[in-house]
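Participant: Just passing along the structure, written as structure tokens.
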Amino acid sequence: MEVKIRLFATLREGRGKVLSKDFEAGVTPGLIIEDLGIPEEEVAILLVNGRDGDLEQALEDGDVVSIFPPVGGG
Amino acid sequence: MENTGRLSKRYAKNLQMLSEEEVLMLHSKKVCVLGCGGLGGYVVEMLGRLGIEAITVVDGDCFDESNLNRQLLATEDLIGVSKARAAQRRMASVNPRVSITVRETYLTEENAREIIAGHDLVFDALDSIGARKLAAGISGDMGIPLIYGAIAGWYAQVATIFPGEGTLESIYPGKQDKGREAILGNPSFTPALVAAVQVSEGLKVLLGRGEVLRNRMLFIDLLNNEFDILPLNGKIEP
Chain A
1 MEVKIRLFAT LREGRGKVLS KDFEAGVTPG LIIEDLGIPE EEVAILLVNG RDGDLEQALE
61 DGDVVSIFPP VGGG
Chain B
75 MENTGRLSKR YAKNLQMLSE EEVLMLHSKK VCVLGCGGLG GYVVEMLGRL GIEAITVVDG
135 DCFDESNLNR QLLATEDLIG VSKARAAQRR MASVNPRVSI TVRETYLTEE NAREIIAGHD
195 LVFDALDSIG ARKLAAGISG DMGIPLIYGA IAGWYAQVAT IFPGEGTLES IYPGKQDKGR
255 EAILGNPSFT PALVAAVQVS EGLKVLLGRG EVLRNRMLFI DLLNNEFDIL PLNGKIEP
């Protein structure tokens with residue numbers, strides 16, 4: 001099944017803005033993040049289909065996962 | 075001092091956009107600004123010029139040379155001086171009608187409740203994620219809305235958080251205390267931009283009009299000129 005991945009800010013470096021990738025059924029955002037080689041500390045906001053997502057939720061064909069790194073400076 | 079109706083002439087250009095009653099109402103509000111660095115320096119400046127005449131400024135840090143690239147209050151002659159104290163000095167020359175309460179301390183579990191109590195609105199202009207979570211938690215417990223802003227290099231984010239809303243948990247679900255700013259640093263322009271959006275949000279909350287970033291977060295990417303409003307908290311339809 002195909003999942004669209006939207007990356008933001010520094011997560012785009014070396015990966016691109018939007019990726020469409022094939023995964024086996026039951027893939028989770030957590031597994032996709034691992035597959036993309038994104039370290040855990042570089043993940044903050046996670047959206048699935050534009051709403052709050054969970055690292056462990058099972059994705060479906062056509063889902064869109066958006067990943068943002070932490071921004072915390074003042 | 076000249077007056078425009080019941081108002082000081084210094085607020086004349088705030089009128090039309092704001093009614094005289096609204097400006098008078100702003101005079102009576104008490105606002106707490108947590109952090110007087112990149113964001114906080116601009117936030118205090120804009121609040122004072124809007125006519126918020128009671129502002130508490132909270133920062134335990136002193137100016138360092140590395141602050142000069144972006145912090146409005148950081149000037150050569152104030153290196154080594156308390157940031158909170160500098161905010162007070164600055165406002166004395168911008169708008170002496172503003173009463174600044176100086177708290178030369180960092181926000182901690184021990185002092186947060188006492189510092190935040192009694193304000194109508196809190197601005198989170200902090201630079202550690204742990205302190206941000208503390209500020210949001212205590213403000214929420216005390217029934218006070220909080221305006222969140224954060225920056226990292228070209229990137230920035232703003233949200234308006236009302237009591238009971240878990241927006242910050244969606245923004246920082248992990249255990250990190252610093253974000254990408256630790257790698258990217260911060261330039262001169264993102265603090266000014268984000269502080270402006272924060273003050274606009276805070277003004278709307280105080281006035282009770284307009285649309286605020288509630289259960290949403292504005293994500294700004296100036297490198298690519300992308301401005302996204304993300305629904306957070308799972309309560310708003312995309």
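Protein chains in written order, with this note's numbering: chain A, 1 to 74; chain B, 75 to 312. All C-beta atoms, glycine included, are put in the ideal place defined by N, C-alpha and C.
1) Give the residues of chain A in contact with residue 222 of chain B, contact being defined as C-beta atoms less than 7 Å apart.
2) Here's the rule: buried if 16 or more other CB atoms are within 10 angstroms of the residue's CB, otherwise exposed. What is residue 263 of chain B?
3) Nearest-angstrom Cα distance between residue 121 of chain B and residue 237 of chain B?
4) How about the segment 183–194 of chain B and the segment 102–115 of chain B: do they share at least three Cβ pairs that are nearer than 8 Å?
5) Look up residue 265 of chain B in the DSSP assignment and say whether it is helix, strand or coil.
6) For residue 2 of chain A and residue 21 of chain A, I'd like the C-alpha separation in whole angstroms.
7) Could you tell me the distance, in whole angstroms, from the CA atom of residue 30 of chain A to the CA atom of residue 5 of chain A?
8) Are three or more beta carbon pairs between the segment 227–236 of chain B and the segment 174–191 of chain B nearer than 8 Å?
9) Sorted by chain position, which residues of the same chain lie with C-beta nearer than 7 Å to residue 176 of chain B's C-beta, five sequence neighbours on each side aside?
10) So, using beta-carbon positions, are residue 112 of chain B and residue 88 of chain B closer together than 9 Å?
11) So, is residue 102 of chain B buried or exposed, given that buried needs 16 or more other C-beta atoms within 10 angstroms?
12) Note down the Cα distance separating residue 55 of chain A from residue 11 of chain A, rounded to an integer number of angstroms.
13) Please list the partners that residue 203 of chain B has in chain A, where partner means a Cβ-to-Cβ separation under 8 Å.
14) Return the chain-ordered ranges of every alpha helix (DSSP H) run that is complete within the segment 79–149 of chain B and spans a minimum of 4 residues.
15) Can you pull the chain A neighbours of residue 206 of chain B, defined as C-beta to C-beta under 9 Å?
16) Would you mind sorting residue 65 of chain A into buried or exposed? The rule is 16 or more other CB atoms within 10 Å of its CB.
17) Can you pull the chain A neighbours of residue 141 of chain B, defined as C-beta to C-beta under 9 Å?
Facilitator: On the basis of the supplied data:
1) Along the second sequence, one-based indexing puts residue 222 of chain B at 148. Under the 7 Å cutoff, chain A gives no residues; its nearest Cβ is about 10 Å from residue 222 of chain B.
2) On the second sequence, position 189 is the one that residue 263 of chain B refers to. Looking at its Cβ environment, which holds fewer than 16 other Cβ atoms inside 10 Å, residue 263 of chain B is exposed.
3) As a working mapping, residue 121 of chain B is identified with position 47 in the second sequence. As a working mapping, residue 237 of chain B is identified with position 163 in the second sequence. Whole-angstrom Cα-Cα distance: 22 Å.
4) Touching, per the Cβ criterion.
5) Translated into positions along the second sequence, residue 265 of chain B becomes position 191. DSSP places residue 265 of chain B in the helix class (H, G or I) of the three-state scheme.
6) On the first sequence, position 2 is the one that residue 2 of chain A refers to. On the first sequence, position 21 is the one that residue 21 of chain A refers to. Residue 2 of chain A and residue 21 of chain A have their C-alpha atoms roughly 5 Å apart.
7) The count along the first sequence starts at 1 and reaches residue 30 of chain A at position 30. The count along the first sequence starts at 1 and reaches residue 5 of chain A at position 5. Annotation: residue 30 of chain A to residue 5 of chain A spans about 12 Å, alpha carbon to alpha carbon.
8) The segment 227–236 of chain B, when compared against the segment 174–191 of chain B, does not touch it at the 8 Å Cβ threshold.
9) Within the second sequence, numbered from 1, the residue matching residue 176 of chain B stands at position 102. So the list reads 131, 158, 159 and 162, once near-sequence residues are dropped.
10) Reading the second sequence from its first residue, position 38 is the one you call residue 112 of chain B. Reading the second sequence from its first residue, position 14 is the one you call residue 88 of chain B. No, they are not a contact pair.
11) Counting from 1 along the second sequence, the entry for residue 102 of chain B is found at position 28. An exposed status is given to residue 102 of chain B, since fewer than 16 other beta-carbon atoms sit within 10 Å of its beta-carbon.
12) Here residue 55 of chain A corresponds to residue number 55 of the first sequence, with the count starting at 1. Here residue 11 of chain A corresponds to residue number 11 of the first sequence, with the count starting at 1. Taking the straight line from one Cα to the other gives about 17 Å.
13) The residue you call residue 203 of chain B lines up with position 129 of the second sequence. The contacting residues are 70 and 72.
14) The segment 79–149 of chain B contains, as complete alpha helix (DSSP H) runs of 4+ residues, the segments 94–101 and 112–124 (chain order).
15) Within the second sequence, numbered from 1, the residue matching residue 206 of chain B stands at position 132. What residue 206 of chain B touches in chain A: 72 and 74.
16) Here residue 65 of chain A refers to the residue found at position 65 when the first sequence is read from its first residue. So residue 65 of chain A counts as buried.
17) In the second sequence, residue 141 of chain B corresponds to position 67, counting from 1. For residue 141 of chain B, there are no C-beta contacts with chain A under 9 Å, since the nearest C-beta of that chain is about 11 Å from it.
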